[in-house]
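Trainee: Pasting in a structure now, in structure tokens, and then I'll have a few things to ask.
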């Protein structure tokens, strides 16, 4: 368990050179399976500029390329990027970010400035008392004997060049080049598919087409996740309704949230729950469109 109370990533023995920070936030993973995109929900364990560790609802394979989407605590918008699976332990995966933009790195650094990093794992170093002993042993070792010169007779005894073996080596090299070219083509094709999928999911590129009343959006709600009642609020018996200003994308996902009213101690939990809500797409002139609305999250002790 980390100092914040959340479980750590579980990849023991991995030497981290980039600071990681313990955080538990919803993570949405998109992976291509049989040419079709599949969405896997999960929750993060720790996060840094280099990548994120998370527990997912389904298993992934080492080396798979994915699209990652999450929203840092108190951030104005979610972060979307591509990543590759570097570590795997049942439902726990470690992802390495690929191609973070400068704005995305700045967003992570600003959030990390208020967080405590996880201690870096270093390999065990032998006791310093062993160093003088090893130096003493090395000092007592006799100098190596000079190599014997190669005589003309030994050079003449060398076996003749095997031309069949040379042809086999050249053929093997050609096959390796062909396989490498095919693998590079597959990689480029998969990368293009992820690029297209990420561009399609980028709802921030489309401003809201309309402002829809809360009661209208409530009739389009198809999945509602109840908030987790904070322990601090439970002790103080805090309750009430948190109102959030939200942007719902054309595919029905909640892509942007801002608190409007409600007890401060309940706002963070309300935003965590509302990000998982899903709606039927709101249509403008018959086409799905991003809209702005308000969401109400009620807390009862």
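Residue numbers (this note's numbering): 929 to 1229.
Beta carbons are placed, not taken as given, at the ideal position from N, Cα and C, and that holds for glycine.
I'd like to confirm the pairing. Which residues does DSSP put opposite residue 913 in its beta bridges?
Mentor: Shown here, the chain extends from 929 to 1229; a query on residue 913 therefore has no answer.
Trainee: Using DSSP with H/G/I as helix, E/B as strand and the rest coil, what is residue 982?
Mentor: Three-state DSSP puts residue 982 in a strand.
Trainee: By a C-beta neighbour count over all protein chains shown, 10 Å radius and 16 as the cutoff for buried, is residue 1215 buried or exposed?
Mentor: Flag for residue 1215 reads exposed.
Trainee: Is it the case that the Cβ atoms of residue 1195 and residue 1183 are separated by a distance below 8 Å?
Mentor: Not a contact, by the Cβ cut-off of 8 Å.
Trainee: At which residues does the alpha helix (DSSP H) containing residue 1030 begin and terminate?
Mentor: Per DSSP, residue 1030 belongs to the alpha helix (DSSP H) from 1030-1040.
Trainee: What number of angstroms, rounded off, separates the C-alpha of residue 1158 from the C-alpha of residue 1167?
Mentor: For residue 1158 and residue 1167, the distance between alpha carbons rounds to 10 Å.
Trainee: Confirm, please, whether the CB-CB distance from residue 1188 to residue 1221 is below 8 Å.
Mentor: Not closer than 8 Å, so no.
Trainee: Taking only beta-carbon atoms, is residue 1221 less than 8 Å away from chain D?
Mentor: Protein chain content of the structure displayed is limited to a single chain, and chain D is not contained in it.
Trainee: Using a threshold of 8 Å, state whether the C-beta atoms of residue 1021 and residue 988 are closer than that.
Mentor: For residue 1021 and residue 988, yes; Cβs fall inside 8 Å.
Trainee: Quick check on residue 946: does DSSP put it in helix, strand or coil?
Mentor: Residue 946 falls in the coil class under three-state DSSP.
Trainee: My assumption, with CB atoms under 8 Å, is that residue 1008 sits in contact with residue 997. Please give the rounded CB distance.
Mentor: Yes, residue 1008 and residue 997 are in contact; Cβ-Cβ is about 5 Å, under 8 Å.
Trainee: Measure the C-alpha to C-alpha separation of residue 1016 and residue 952 and round it to an integer number of angstroms.
Mentor: So the alpha carbons of these two residues sit roughly 18 Å apart.
Trainee: Indicate whether residue 990 and residue 1013 have their beta-carbon atoms separated by less than 8 Å.
Mentor: Yes. Within cutoff.
Trainee: Let me check one thing: in DSSP terms, what residues is residue 1181 bridge-paired to?
Mentor: According to DSSP, residue 1181 bridges with 1206.
Trainee: Would you mind stating whether residue 1150 and residue 1206 have Cβ atoms separated by less than 8 Å?
Mentor: Against a cut-off of 8 Å, the Cβ pair of residue 1206 and residue 1150 comes out as a contact.
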